[in-house]
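A.B. asks: Going by the UniProt record's numbering, 174 is the number at position 174 of the sequence shown; the sequence numbering is gapless.
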Amino acid sequence: MAVHRVAVLALDGATPLDLAIPAQIFNARPETPYETTLCALDAQVATSAGFSLVAGGGLDEVRDADTVIVPGFEPIVRPPDAVLDVLAEVRARGRRTVSICTGAFALAEAGILDGLHATTHWRHVGELERGFPAVTVDRDVLYVDQGDVLTSAGVCCGIDLCLHILRRDLGAGIANEIARGLVAAPHRDGGQAQYVPAPVAVAGDASLSATRAWALERLAEPLTLPVLARHAGLSQRTFIRRFGEETGTTPLRWLLGARLGRARELLETTDQPVDRVASDCGLGTATNLRLHFRRALDTTPTAYRRTFRTPGPARRPSP
Numbered sequence: 001m002a003v004h005r006v007a008v009l010a011l012d013g014a015t016p017l018d019l020a021i022p023a024q025i026f027n028a029r030p031e032t033p034y035e036t037t038l039c040a041l042d043a044q045v046a047t048s049a050g051f052s053l054v055a056g057g058g059l060d061e062v063r064d065a066d067t068v069i070v071p072g073f074e075p076i077v078r079p080p081d082a083v084l085d086v087l088a089e090v091r092a093r094g095r096r097t098v099s100i101c102t103g104a105f106a107l108a109e110a111g112i113l114d115g116l117h118a119t120t121h122w123r124h125v126g127e128l129e130r131g132f133p134a135v136t137v138d139r140d141v142l143y144v145d146q147g148d149v150l151t152s153a154g155v156c157c158g159i160d161l162c163l164h165i166l167r168r169d170l171g172a173g174i175a176n177e178i179a180r181g182l183v184a185a186p187h188r189d190g191g192q193a194q195y196v197p198a199p200v201a202v203a204g205d206a207s208l209s210a211t212r213a214w215a216l217e218r219l220a221e222p223l224t225l226p227v228l229a230r231h232a233g234l235s236q237r238t239f240i241r242r243f244g245e246e247t248g249t250t251p252l253r254w255l256l257g258a259r260l261g262r263a264r265e266l267l268e269t270t271d272q273p274v275d276r277v278a279s280d281c282g283l284g285t286a287t288n289l290r291l292h293f294r295r296a297l298d299t300t301p302t303a304y305r306r307t308f309r310t311p312g313p314a315r316r317p318s319p
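1) Please look up how many angstroms separate the CB atoms of Ile69 and Val98, rounded, as I've assumed it's under 8 Å.
2) What residue from Leu9, Gly244, Val227, Pro16 has the CA that sits closest to Cys156's CA?
3) Return the residue from the list Leu216, Ala263, Thr299 that minimises the CA-CA distance to Leu283.
4) Going by DSSP, what residues sit across from Val68 in a beta bridge?
5) Are there three or more Cβ pairs, one per stretch, closer than 8 Å when the region 69–87 is compared with the region 4–15?
6) With a threshold of 8 Å, are at least 3 pairs of Cβ atoms found where one atom belongs to the region 109–120 and the other to the region 40–54?
7) In angstroms, rounded to a whole number, what distance separates the CA positions of Gly147 and Gly233?
8) Which residue comes first and which comes last in the beta strand (DSSP E) that contains Val45?
9) Taking 8 Å as the threshold (C-beta atoms), are Val274 and Leu256 in contact?
10) Using three-state DSSP, classify Val135 as helix, strand or coil.
11) Using the C-alpha atoms, what's the distance from Ile100 back to Leu150?
12) Whose C-alpha, out of Thr270, Arg295, Thr119, Ala118, is nearest the C-alpha of Ala172?
13) By the 10 Å Cβ neighbour count, where 16 or more other Cβ atoms means buried, how is Asp169 classified, buried or exposed?
14) If you draw a straight line from the C-alpha of Arg306 to the C-alpha of Ser279, how long is it?
15) Ordered along the chain, which non-local residues of its own chain (more than five positions away) have a Cβ less than 7 Å from that of Asp298?
16) Suppose you measure from the CA of Ile165 to the CA of Glu221; what does that come to, to the nearest Å?
17) So, are the CB atoms of Tyr143 and Leu161 less than 8 Å apart?
18) In its own chain, which residues sit with a C-beta less than 8 Å from the C-beta of Glu74, not counting the 5 before and 5 after it?
19) Alpha carbon to alpha carbon, how far is Leu41 from Ala82? Give it in angstroms, no decimals.
20) Out of Leu266, Ala286, Leu291, Ala258, state which residue places its alpha-carbon closest to the alpha-carbon of Phe308.
21) Could you check the C-alpha separation between Asp205 and Glu246 for me, to the nearest Å?
22) Taking Cβ to Cβ, would you say Thr119 is nearer than 8 Å to Asp145?
23) Using DSSP with H/G/I as helix, E/B as strand and the rest coil, what is Val77?
24) Which stretch, first to last residue, makes up the beta strand (DSSP E) that contains Glu217?
25) Who pairs with Asp145 in a beta bridge, going by DSSP?
26) Measuring only the C-alpha atoms, how far is residue 387 from Ser209?
27) Using a Cβ-Cβ cutoff of less than 6 Å, which residues in the same chain neighbour Arg78 once the five nearest sequence positions on both sides are dropped?
28) Could you give the first and the last residue of the continuous beta strand (DSSP E) run that contains Ser235?
29) Near Gly94, what residues of its chain come up, given a Cβ to Cβ distance below 7 Å and the 5 sequence neighbours on each side ignored?
30) Starting from the C-beta of Ala296, find all residues in its chain whose C-beta is less than 7 Å away, skip the five residues before and the five after it, and write them out in chain order.
31) DSSP has Thr36 in a bridge; who is on the other side?
32) Looking at the C-beta of Ile174, does it have a partner C-beta in chain B at a distance below 8 Å?
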């Protein structure tokens, strides 16, 4: 299995959690092809938390990587020209460039985001818009996938983006398994609105996570809005409002995403016919499954299975 080299490029003032997310998710495992190196302009990197890290690689390793990930950093200042030149070179060679949180400012300074959609931490979207008018900034998303250029919103949204990359590279089965090991949601719908400061919850308010977990175990069943609200012990109106506050999306949109995720995993890991997959994930018929696959993934269930239903070692991602 060919190695896919991932360079995590730490800038001065790097956010430790932003560094740890790709290091953990793209850690070498028997079922994945990743080889991840912490890289920096200088061997020692000062983090935003007040301690320093020693990088195992330099700009040469960034230049040779298949995927370059720039974690967030603060204060947000223009990176050295040597760093920007390497980032631009990597992009010009068609390699994948990724940012987490304020790492988007480094990609923008290198000209990588010009003409593209991108995002960053909700506190800094205005600053990104003002500083880089050639970039279309999406304010209310967890991450933006522009093919070989991907950006995430603040901090923990880096988990969502890295799992998305895993899913793209190796399929939902492996991504879901690694997500379970991290005790993270394999896929979250919603946007940054759920993180923007909001009034404190009223005393006695409880999370709807139990209802979401209950629903995930019953995706094949007819889970209507009244059924979900009844399980939560709320009126439908209150349930919709609370669900949106917690997830940034609607109950039915979340449910569709969960069912598509289940369908992808069944297509990868079983030989069930498409109509059985559609039934088991709650989408009813093969025709309905094909419709939603085409809308969400721009492919068919059969083509998806042909791509990801591969026995033996995991496939390597495209360089």
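All C-beta atoms, glycine included, are put in the ideal place defined by N, C-alpha and C.
From a predicted model like this one, the values you see are computed outputs, not experimental measurements.
C.D. replies: Let me spell this out:
1) A Cβ-Cβ separation of about 4 Å places Ile69 in contact with Val98 under the 8 Å criterion.
2) Answer by Cα proximity: Pro16.
3) Closest by alpha carbon: Ala263.
4) The partner list for Val68 (beta bridge, DSSP) reads Ala7, Thr97.
5) By the Cβ test, the region 69–87 is in contact with the region 4–15, since at least three Cβ pairs between them sit closer than 8 Å.
6) Short answer: they don't touch.
7) Approximately 42 Å, taken between the alpha carbons.
8) Per DSSP, Val45 belongs to the beta strand (DSSP E) from 44–46.
9) Taking 8 Å as the Cβ cut-off, Leu256 and Val274 do not qualify as a contacting pair.
10) In the structure shown, Val135 adopts coil according to DSSP, grouped into three states.
11) Whole-angstrom Cα-Cα distance: 9 Å.
12) Closest option to Ala172, Cα to Cα, is Thr270.
13) It counts as buried.
14) Using only the alpha carbons, I get a separation of about 20 Å.
15) So the list is empty, once near-sequence residues are dropped.
16) Going from the Cα of Ile165 to the Cα of Glu221 covers about 30 Å.
17) Contact: yes.
18) If we look at Glu74 and ignore the five residues flanking it on each side, its Cβ neighbours are Gly13, Thr15, Ser48, Thr102.
19) Ala82 and Leu41 have their alpha carbons spaced roughly 8 Å apart.
20) With distances taken between Cα atoms, Phe308 lies closest to Leu266.
21) Its pLDDT being 46, under 50, Asp205 is placed unreliably by the model, and nothing is read from it.
22) No, the pair does not count as a contact, with Cβ atoms beyond the cut-off.
23) Val77 falls in the coil class under three-state DSSP.
24) Neither: Glu217 is in no beta strand (DSSP E) and is coded neither H nor E.
25) Answer is Leu150.
26) Residue numbering for the chain in the displayed model covers 1 to 319; residue 387 lies beyond these limits and cannot be assessed.
27) Excluding residues within five positions, the ones whose Cβ falls inside 6 Å are Glu109.
28) That residue, Ser235, is in no beta strand (DSSP E); it is neither H nor E in DSSP.
29) Same-chain partners within the cutoff: Asp148.
30) So the qualifying residues of the chain are Leu260.
31) Paired residues: Val6.
32) No chain B is present in this structure, which holds just one protein chain.
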